[in-house]
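Just so we're aligned, residue 1 is where the sequence shown starts under the numbering used here, counting upward by one. Heads up, the beta-carbon is just placed ideally off N, CA and C, and yes, glycines get one too. Just so it is clear, the structure is predicted and the values come from calculations on it, not from any experiment. In what follows, a single structure is set out as structure tokens and then discussed.
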Amino acid sequence: MPKLPVLAATEAERLLLNHGFRLIRVKGSHRLYIKDHQRIIIPFHRGKALHPKIVKQVLLALQNE
Numbered sequence: 001m002p003k004l005p006v007l008a009a010t011e012a013e014r015l016l017l018n019h020g021f022r023l024i025r026v027k028g029s030h031r032l033y034i035k036d037h038q039r040i041i042i043p044f045h046r047g048k049a050l051h052p053k054i055v056k057q058v059l060l061a062l063q064n065e
């Protein structure tokens, strides 16, 4: 399996929005995006990269369109 890319929260957000996901709500530093019945939660922590598990969720959500 190839290595996962390192993504910042803003990059993941841009990918999701470009693929039809909508921002539903914000609670603290976490943002919830939804498309059809698929939900993705992205933590926005300034200057930190996303955890590989979250990057994997985002990439799988984009593949399953």
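Three-state secondary structure (DSSP) of residue i
| i | result |
| --- | --- |
| Arg46 | coil |
| Val26 | strand |
| Leu59 | helix |
| Lys35 | strand |
Whether residue i touches residue j by CB criterion (9 Å)
| i | j | result |
| --- | --- | --- |
| Leu17 | Val58 | no |
| Pro52 | Ser29 | no |
| Lys3 | Gly20 | no |
| Leu138 | Ala12 | Residue 138 is absent from the model: the chain starts at 1 and stops at 65. |
For residue j and residue i, the rounded distance between their alpha carbons
| i | j | result |
| --- | --- | --- |
| Ile24 | Leu7 | 21 Å |
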